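S.K.: Quick note: the sequence shown, position 81, residue 94 per the working numbering, numbers continuous. All C-beta atoms in this analysis are idealised placements derived from N, C-alpha and C, irrespective of residue type, glycine included. Because the structure is a prediction, the values reported are computed rather than measured.
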Amino acid sequence: MKVSSKEQDSFGLYFTRAIVVALLGIVTYVTVAYCFHVYYDRESAFRDALACSTRVLDEHNIIFWLQNGTLLGSRRLGRLILWDADLDIGYKKIPSRENTLTMMQELDSRCFGFSSSIRSGAQNQINIYRKCTKRICAEFHETVIENGIVTSGDGHSPEKELFPLEICTVADVVAKCPHNAPFYLMEAYGSEWLTRSLSKLFWG
């Protein structure tokens with residue numbers, strides 16, 4: 014039976030559409046699979062760095078707590094916010110500079126090791142130590158506590174809002190959080206820290 018040119022054109026069109034649909038399906042599958050892998054790989058990297066850091070700080074008897082985006086993740090999600098730039102950990106300043114350097118070197122050798130730097134805070138000349146693996150980074154905020162006032166590179170707060178610290182978890186890692194976490198989250202993200210979408214909190 015002879016096939017008309019119109020039928021041939023129609024068959025060709027259906028065949029082309031089928032190929033396009035199949036290709037779109039493959040691209041979608043690959044994209045979703047890749048993003049899924051990247052998401053959980055990054056989450057695992059954050060979690061491992063946090064767990065390692067808390068072990069080192071505990072071994073050195075350092076008083077420390079979660080803050081900023083890491084604290085927000087603990088309070089809102091119970092896990093880390095993966096589009097947050099880094100882990101944020103505050104710690105009470107150690108009187109001995111030598112002990113501080115020893116602790117920081119141990120964090121490098123055991124938990125990070127890719128890069129390490131120090132900067133002063135935006136509001137106060139107090140150290141913030143930034144440490145990175147090849148995948149993620151963490152910032153350790155040195156904090157001075159005197160006369161009932163807590164001072165870090167980011168600002169000041171009453172000591173009563175920070176202490177006594179409370180046990181909290183993030184990504185199944187047991188850590189410590191400020192006594193009045195909502196106070197600090199409101200200072201960092203505004204009064205809608207609990208209800209506003211996370212994307213708007215981080216990207217405006």
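According to DSSP, is F176 helix, strand or coil?
M.R.: Looking at F176 - three-state DSSP - the assignment turns out to be coil, as it is neither helix nor strand.
S.K.: To the nearest angstrom, how far is the alpha carbon of S210 from that of L84?
M.R.: The straight-line gap from Cα to Cα measures roughly 16 Å.
S.K.: Nearest by alpha-carbon distance to S57: which of R92, E72, S87, R68 is it?
M.R.: Nearest option by C-alpha distance: R92.
S.K.: To the nearest angstrom, report how far apart Y142 and I149 are at their CA atoms.
M.R.: Computed Cα separation, rounded: 14 Å.
S.K.: Is the CB-CB distance between S212 and G166 below 8 Å?
M.R.: No, Cβ-Cβ distance for S212 and G166 is not below 8 Å.
S.K.: Looking at L178 and K189, is the spacing between their C-beta atoms short of 8 Å?
M.R.: Yes; because the gap between Cβ atoms is below 8 Å, this pair is in contact.
S.K.: Who does I76 pair with in a DSSP beta bridge?
M.R.: For I76, which the question treats as bridged, DSSP gives no partner whatsoever.
S.K.: For a test of the three-state rule: what should DSSP assign to R92, helix, strand or coil?
M.R.: Coil at R92, not helix or strand.
S.K.: Would G103 be called buried (16 or more neighbouring beta carbons within 10 Å of its own) or exposed?
M.R.: That one is buried.
S.K.: With respect to the beta strand (DSSP E) encompassing E155, which residues constitute its N-terminal and C-terminal limits?
M.R.: Its beta strand (DSSP E) spans residues 150 to 159.
S.K.: Mind pulling the alpha helix (DSSP H) runs of 4 or more residues that sit fully within the segment 101 to 143?
M.R.: The segment 101 to 143 contains these whole alpha helix (DSSP H) runs: 110 to 124.
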